[in-house]
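Asks: Okay, handing you the structure first.
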Amino acid sequence: MTLAHKDCVLVIESDENLANQLTCDLQEAGYEPIVAHDAFLGFQYCRDRQPALIVVDRMLTGESGLSLCKNLRNAGMRSSVLVLMARDTIDDRVACLEAGADDYFLKPYRSEDFLKLIRLYLKPDVDTTEQLRFGDLILDIATRRAIHNGRAIDLTMKEFELLKYLMEHPREVLTREQILENVWGYDFMGESNVIEVYIRYLRLKIEEEGQKRLIQTVRGVGYVLRES
């Protein structure tokens, strides 16, 4: 598979005015945007151009942006995907995660906040062999993959950042406020229950059935990574 271009951002947006605004902001920030106005063309561009980041509107003409996201993941596309959404509910967040999206950005569109999020996902690659370890769980910083009992686990960007933060503070109870500040470092406007959504998906990925729970809930406080 062709390597993703580190500055290439694919915008899949049916609204031409919004697509133009996104494109102009990305160009001014030094990125190389490509625009597709429907899911079919967006899928083709993803396959042919291998963008480093994909921005897709949930409400595309003809097909849901989340359906497109599922199709991209099923086709093996590993680039980060951000979904533009008009609503911010637990069901919406869960739907994004289940579709394979890494994150979402709420409308109405705000240039400065959007570019902060883009910069978060397109940080320069760090040449490192660093790994974090906790028992049988390994987190490879360079590849952003987890390995548990020899099983490789793909993580979304936000899942990776959350697990990294927990593994940097093993056996330490972390409050929801600490997690929001350190993992959702941009000006996060949502409610803290977004953490519960991501904790749930991390558990599903790294905790095999019948095994002891690694990410434990401390009621009324937050979460802790510990053996028992």
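The UniProt record's numbering puts the first residue of the sequence shown at 1, with every later residue one more than the last.
Cβ coordinates follow ideal geometry from the N, Cα and C atoms, glycine included.
Note that this is a predicted model, so its numbers are computed, not measured.
Of the choices Tyr-109, Met-77, Thr-175, whose alpha-carbon is the least far from that of Ile-46?
Replies: Reading off the sequence, residue 46 comes out as Cys, not Ile. Measuring from the Cα of Cys-46, the nearest candidate turns out to be Met-77.
Asks: Would you please verify whether the beta carbon of Leu-41 is less than 8 angstroms from any beta carbon of chain D?
Replies: Looking at the structure shown, chain D is missing, and only one protein chain is on hand.
Asks: Where do the ends of the beta strand (DSSP E) carrying Ser-80 lie?
Replies: 80-85
Asks: Would you kindly work out how many angstroms separate the C-alpha atoms of Thr-23 and Trp-184, rounded to a whole number?
Replies: Pairing Thr-23 with Trp-184, the inter-Cα distance amounts to about 25 angstroms.
Asks: Note the first and the last residue of the continuous alpha helix (DSSP H) segment covering Glu-98.
Replies: 90-99
Asks: Is the separation between the beta-carbon of Glu-196 and that of Lys-212 shorter than 8 angstroms?
Replies: no
Asks: Does the beta-carbon of Ala-152 have 16 or more other beta-carbons within 10 angstroms, so that it is buried, or is it exposed?
Replies: exposed
Asks: Excluding the five sequence neighbours on either side, which residues of its own chain have a C-beta within less than 8 angstroms of the C-beta of Lys-107, listed in chain order?
Replies: Leu-84, Met-85, Ala-86
Asks: With DSSP run on the structure shown, which of helix, strand or coil describes Lys-164?
Replies: helix
Asks: Which residues bound the alpha helix (DSSP H) around Tyr-31?
Replies: Here Tyr-31 belongs to no alpha helix (DSSP H), and DSSP marks it neither H nor E.
Asks: Give me the DSSP bridge partner(s) of Gln-131.
Replies: Partner(s): Asp-140.
Asks: Could you give the DSSP three-state label for Met-189: helix, strand or coil?
Replies: With a pLDDT of only 49 at Met-189, under the threshold of 50, the placement of this residue in the model should not be trusted; the figure read from the coordinates follows. Here Met-189 sits in coil by DSSP.
Asks: Give a yes or no on whether the C-beta atoms belonging to Gly-65 and Asp-38 are separated by under 8 angstroms.
Replies: no
Asks: So, with DSSP's three-state summary, where would you put Leu-180?
Replies: helix
Asks: Using beta-carbon positions only, say whether Ile-34 and Cys-8 come within less than 8 angstroms of one another.
Replies: yes
Asks: On a CA-only basis, which of Gly-30, Asn-182, Asp-25 is nearest Ser-111? Give me that one, please.
Replies: Asp-25
Asks: Counting C-beta neighbours from all protein chains within 10 Å, is the total for Thr-2 16 or more, i.e. buried, or is it exposed?
Replies: Because Thr-2 carries a pLDDT of 43, less than 50, the predicted location of this residue cannot be relied on, and no value is offered for it.
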